[in-house]
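In the working numbering, the protein residues as written are 1 to 203.
Only one structure is covered here, and it is reproduced in the block below.
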């Protein structure tokens, strides 16, 4: 019962589509109708509003962290709460299970579960993004490395949760991977006025 409550709490928190909510409140319409059609921060950035993109990153990351902290407060399994929040972001019940790709929520969950691992994943993402300008590639590299790092740090339960999230990140980025191989993946930041490809971006 405790595990079920932990998972439900995490899922409901994670399923709040902050990118969609804040862009609508800002008068920009439905974020799913522009750019990649995604509800995450990378697509919000394509509106030209860096402030809203930053807010989306913080809120999407925050819901994973809050799920972890609440679980810790009640003595529940924080890794389950964080993984469930990630799952809720990717497959929110409110949007017919069509959500984001989970990168910000993955990062927020990591920072709350084990801060050094969050720093490591964030550093990989930032370094890769700086060098390549590909948000998707940066996310894939960070996700792939983190389970091994957590295991080496003596956190096997957290490593399993990170592995679950990493696998889903790769699944959610299938089209991005193909586009990276083909050299067609869009880079971070360009403003797009209409929806071009529903799988072109991430977050």
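Note that CB positions come from ideal geometry on N, CA and C, so glycine has one too.
Since this is a predicted model, take the numbers as computed values, not measurements.
Nearest residue (CA-CA) to residue i, options the options
i           : options          : result
residue 224 : 184, 17, 141     : Within the shown structure, residues of the chain are numbered from 1 to 203, placing residue 224 beyond reach of any answer.
residue 153 : 117, 31, 41, 177 : 117
residue 102 : 27, 39, 175, 185 : 39
residue 146 : 26, 136, 158     : 158
residue 86  : 107, 72, 73      : 107
residue 115 : 41, 65, 19       : 65
Where residue i sits in the DSSP three-state scheme
i           : result
residue 64  : helix
residue 35  : strand
residue 135 : helix
residue 1   : coil
residue 8   : helix
residue 128 : helix
residue 237 : Summary: the structure shown does not reach residue 237, with the chain confined to residues 1 through 203, and so no result is reported for it.
residue 30  : coil
Residue i, buried or exposed, once every other Cβ within 10 Å from all chains shown has been counted against 16
i           : result
residue 123 : exposed
residue 76  : buried
residue 94  : exposed
residue 30  : exposed
residue 52  : buried
N- and C-terminal bounds of the alpha helix (DSSP H) containing residue i
i          : result
residue 22 : 18-25
residue 95 : Unbroken run through residue 95: none, as it is neither H nor E.
residue 74 : First-last for residue 74: undefined, no H or E at that position.
residue 42 : 41-45
Exercise for the section: Can you check the stretch 141-182 for any alpha helix (DSSP H) of at least 4 residues that lies completely inside it and give the ranges in chain order? Expected result: Those alpha helix (DSSP H) runs which fall completely within the stretch 141-182 and span 4+ residues are 156-172, 174-182.
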